[in-house]
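Residue numbers (full-length UniProt numbering), protein chains in the order written: chain R, 1 to 505; chain B, 1 to 119.
These notes concern the structure reproduced below.
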Amino acid sequence: MVSSFCWSCLTRLPTAPRAILPPTLTAQRVAAFHSSTPLLAGAKKKGDLPVAKYRQAKSAKMKKKKPVERTRPPAVGERRALRKRIVLSNPNALEVEGMQDLSAENMVDARLRGSILGLPVPMLDQLRAVQAFKPKQGWSIFRRPGTVVRRETLELGRLIDGISAEEGENKGKVVRKIITGVKGSGKSVHMLQAMSMAFTKEWVVITVPEAQDLVIANTAYAPLSDENPNVYVQNDATAALLSRIVTANQKVLSKLTVSQPHPALKTAVKPGMTLEALAKPGIQDPAVAWSVFQALWTELTATAPAAGFEKGFKPRPPMLVTLDNLAHWMKETKYNNIDCKPIHAHDLVFVQHFLSLLKPSTEAGKPSLPNGGLILYATSGSNSPTIYGFEVALQQLAARQAGIKPSSPEFPQPDPYLNADKRVLAVFNDSASTKSPASKDGSLEIQTIGGLTRDEAQGFMEYFARSGLLRENITDAWVGEKWSLAGGGVIGELEKLGRRLRVIA
Amino acid sequence: MVFILGVNFPERNLVKKSLESFFGIGNLTSTRLLARFHIHPTCKVGDLANKQVLDITAALSDMKIENDLRRQYLDNIKRLKETGTYRGRRHALGLPVRGQRTRSQIKSAVKLNRMERRL
Numbered sequence: 001m002v003s004s005f006c007w008s009c010l011t012r013l014p015t016a017p018r019a020i021l022p023p024t025l026t027a028q029r030v031a032a033f034h035s036s037t038p039l040l041a042g043a044k045k046k047g048d049l050p051v052a053k054y055r056q057a058k059s060a061k062m063k064k065k066k067p068v069e070r071t072r073p074p075a076v077g078e079r080r081a082l083r084k085r086i087v088l089s090n091p092n093a094l095e096v097e098g099m100q101d102l103s104a105e106n107m108v109d110a111r112l113r114g115s116i117l118g119l120p121v122p123m124l125d126q127l128r129a130v131q132a133f134k135p136k137q138g139w140s141i142f143r144r145p146g147t148v149v150r151r152e153t154l155e156l157g158r159l160i161d162g163i164s165a166e167e168g169e170n171k172g173k174v175v176r177k178i179i180t181g182v183k184g185s186g187k188s189v190h191m192l193q194a195m196s197m198a199f200t201k202e203w204v205v206i207t208v209p210e211a212q213d214l215v216i217a218n219t220a221y222a223p224l225s226d227e228n229p230n231v232y233v234q235n236d237a238t239a240a241l242l243s244r245i246v247t248a249n250q251k252v253l254s255k256l257t258v259s260q261p262h263p264a265l266k267t268a269v270k271p272g273m274t275l276e277a278l279a280k281p282g283i284q285d286p287a288v289a290w291s292v293f294q295a296l297w298t299e300l301t302a303t304a305p306a307a308g309f310e311k312g313f314k315p316r317p318p319m320l321v322t323l324d325n326l327a328h329w330m331k332e333t334k335y336n337n338i339d340c341k342p343i344h345a346h347d348l349v350f351v352q353h354f355l356s357l358l359k360p361s362t363e364a365g366k367p368s369l370p371n372g373g374l375i376l377y378a379t380s381g382s383n384s385p386t387i388y389g390f391e392v393a394l395q396q397l398a399a400r401q402a403g404i405k406p407s408s409p410e411f412p413q414p415d416p417y418l419n420a421d422k423r424v425l426a427v428f429n430d431s432a433s434t435k436s437p438a439s440k441d442g443s444l445e446i447q448t449i450g451g452l453t454r455d456e457a458q459g460f461m462e463y464f465a466r467s468g469l470l471r472e473n474i475t476d477a478w479v480g481e482k483w484s485l486a487g488g489g490v491i492g493e494l495e496k497l498g499r500r501l502r503v504i505a
Numbered sequence: 001m002v003f004i005l006g007v008n009f010p011e012r013n014l015v016k017k018s019l020e021s022f023f024g025i026g027n028l029t030s031t032r033l034l035a036r037f038h039i040h041p042t043c044k045v046g047d048l049a050n051k052q053v054l055d056i057t058a059a060l061s062d063m064k065i066e067n068d069l070r071r072q073y074l075d076n077i078k079r080l081k082e083t084g085t086y087r088g089r090r091h092a093l094g095l096p097v098r099g100q101r102t103r104s105q106i107k108s109a110v111k112l113n114r115m116e117r118r119l
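In structure tokens, the structure reads:
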């Protein structure tokens, strides 16, 4: 039987009106089987056709390139500001609950070993002022800055506590230390911890954040005076130092008043003037910066007021002096003297002053820091020149500390053929032998900072996990693995392992 | 703007570069000059003290630079030409003076050795 339904009729059903179709379909033109070239070419505009002019030669000459529009170079100082920018907070990181702030009580608390102590927020401005933070340290990954309490930190805390204590055997002692260690072992952060402790104890903190800056000939220099033309003063660098001192220690310096006459200063020094006011002119006028710094130093090391200045004299607080990257001060600088020969770093009066602090003073009964204090000079693991004399000097220092007599054959001696710098050896040399152990003026020590212990490493990695940076179960085995990977708990390497984000599948 | 030997330099320029812009002062001489007046190599012209500017100008005016030096150069060449030496002739012909071959690559000589030597 034949169906009454007509197939041809079906095919003639009206097609869907164009408007119903989605616009993309209507707009699309589909070529039957051509390659796409003609489509892509599109319609040529009339103006594009080169109109041959009458009797004009066609040549293969290239058209002159249009001058490329260059954007303006960044403003002066902008790139440096970006490079030196220090970010201390990451709002995406989790707040670590129960994290304590550093305070006078808990800086000697041995129970906190292996945990993280936060830096108090009001202190951050002071720490920024002394340039305690370095741009490459990982402060920017955590919610707020904090440091690990390790064995060395606790020792440091006890030391600072002892020096500023009202009584005790360490009261008013001067401790001098050179801090060494491999790259990333936390030397600079150790000094930062010292600064933060000193700020809590209201010490005066004086820092040289980068020793290199003084010797690479980036800042102005001049002979100190006509009498000694071979000693050079760096006025701009001294003014910067004064400004660091004044901003960071403003609270302490504004309470102390002038106690000595300062004939070298042209501005009148009146009794009752605060030390802050004494230092200010040096910041504004770099030409007088060095004499102002000397005046400030005599004030800070004063033990009793001079005649006529007795009113309102307060005992001076202990001082913390820190310096990073010491090796740069052990060689010739990029500065030239008048005969175009390089100037040795020890001929810069700024450098001389800070290196002289390493030696106990030669005069009996007049130590270099009579009010006590701590002198911490660190070497650097990443940017430090190789200086043979300095290496030998540090070895000698370590040997002397281990009790080897300078006369014994085991005592390291410089190779006579390698030309060790005698001035460098002399800086570290004659300190230990003559001093009696009971003296308040401690001899120079060397402290090598190594890796964290496993317990400290565990605390450190837990801090990463609690900040939400690390998604791992922090077990003993896992920490042990990372501890070994980090070269025996070198904290900089541990940080690299901790900040690498991994997600458990 | 700071005047050094009658030339005006913008304050943002390096002192070393500015000194080297004078004919007859190169790296060595400028380094020596800076050392003599205790100016650090990254010093900008604007950072110079007045006394230093005067010192530099005084030192430069004692030196044989710029037109004096150019004149000396030309006089030396002129002397060679006048005495009729081979070197003088080569200078005048626009050919290399010091025995180089002339089959190729004598662009510098062609460019510079003219009747009136270019500097």
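Every residue gets a Cβ at the ideal spot worked out from N, C-alpha and C, and that includes glycine.
The secondary-structure analysis by DSSP pairs ASP441/R across a beta bridge with VAL174/R. Counting only Cβ-Cβ distances below 7 Å, TYR221/R has contacts in chain B at HIS38, HIS40, in chain order. Proximity to ILE491/R across ALA477/R, TYR463/R, GLN126/R, GLU472/R peaks at TYR463/R, based on C-alpha coordinates. Interface residue (Cβ-Cβ distance to chain R less than 8 Å): THR29/B is not classified as such. Relative to ARG466/R, the option among LYS482/R, PHE293/R, LYS63/R, PHE142/R whose CA is nearest is PHE142/R. A direct Cα-to-Cα measurement between SER140/R and LEU192/R gives close to 16 Å. By the criterion of a C-beta distance shorter than 7 Å, LEU112/B is surrounded in its chain by ARG118, once the five residues flanking it on both sides are discounted. PRO96/B has its alpha-carbon roughly 8 Å from the corresponding atom of SER108/B. Following the DSSP letters along the chain, one finds LYS334/R inside the beta strand (DSSP E) bounded by residues 332-336. Contact with chain B is absent for ASN230/R, since none of that chain's Cβ atoms lies less than 8 Å from the residue's Cβ. Per DSSP, TYR377/R is one residue of the beta strand (DSSP E) stretching across 373-378.
In the three-state reduction of the DSSP assignment, ALA465/R falls in the helix class, which pools H, G and I. If you draw a 10 Å sphere on the C-beta of GLY372/R, you find 16 or more other C-beta atoms in it, and that means buried. Closest in C-alpha terms to ALA398/R, from the list PRO385/R, LEU127/R, GLN413/R, THR386/R, comes GLN413/R. By a beta-carbon distance limit of 8 Å, SER18/B contacts VAL45/B. Their separation comes to about 6 Å.
Less than 8 Å divides the Cβ of VAL424/R from the Cβ of GLY389/R. Residue range 319-323 is occupied by the beta strand (DSSP E) that includes LEU320/R, with no alpha helix (DSSP H) assigned at that position. For VAL2/B, the enclosing beta strand (DSSP E) stretches over residues 2-4.
The beta carbon of ALA59/B does not come within 8 Å of any beta carbon belonging to chain R, so the residue lies off that interface. Relative to the Cα of ALA477/R, the nearest Cα in the group SER380/R, GLY468/R, ALA457/R, GLU495/R belongs to ALA457/R. In chain order, VAL427 place their CB closer than 6 Å to the CB of LEU355/R, counting only its own chain and leaving out the 5 sequence neighbours on each side. Scanning its chain for C-beta atoms nearer than 8 Å, with the 5 sequence neighbours on each side dropped, one finds around ILE474/R the residues GLN458, MET461, GLU462, ALA465, in chain order. The shortest C-alpha to C-alpha distance from GLN294/R to any of PRO315/R, PRO317/R, MET273/R, PRO263/R is the one to PRO263/R. Distance check between PRO318/R and each of ASP226/R, LEU357/R, TRP203/R, ILE343/R places TRP203/R closest, using alpha-carbon atoms only. Per DSSP, reduced to three states, the secondary structure at GLY450/R is coil, with no helix or strand assignment. Against chain B, the CB of ALA217/R has a partner CB under 8 Å away; the residue lies at that interface. The shortest C-alpha to C-alpha distance from PHE3/B to any of ASN27/B, LEU33/B, THR57/B, PHE22/B is the one to THR57/B. DSSP, reduced to helix, strand and coil, places GLY181/R within a strand of the structure shown. Residues of chain B with a Cβ closer than 7 Å to the Cβ of TYR335/R are, in chain order, HIS40. For LEU117/R, no alpha helix (DSSP H) segment is defined; the enclosing uninterrupted segment is the beta strand (DSSP E) at 116-118. Within the DSSP bridge table, the entry for PHE9/B names VAL2/B as partners. Here the C-alpha atom of SER368/R lies approximately 43 Å from the C-alpha atom of GLY498/R.
Among the residues of chain B, none has a CB under 8 Å from the CB of ILE86/R; the nearest is roughly 24 Å distant.
Secondary structure of ASP285/R (DSSP, three-state): coil.
If you ignore the 5 residues before and after GLN250/R, its C-beta comes within less than 7 Å of the C-beta of GLU276, all in its own chain and listed in chain order. In terms of Cα proximity to ASP455/R, the closest of PRO135/R, ARG151/R, ALA81/R, PRO120/R is ARG151/R.
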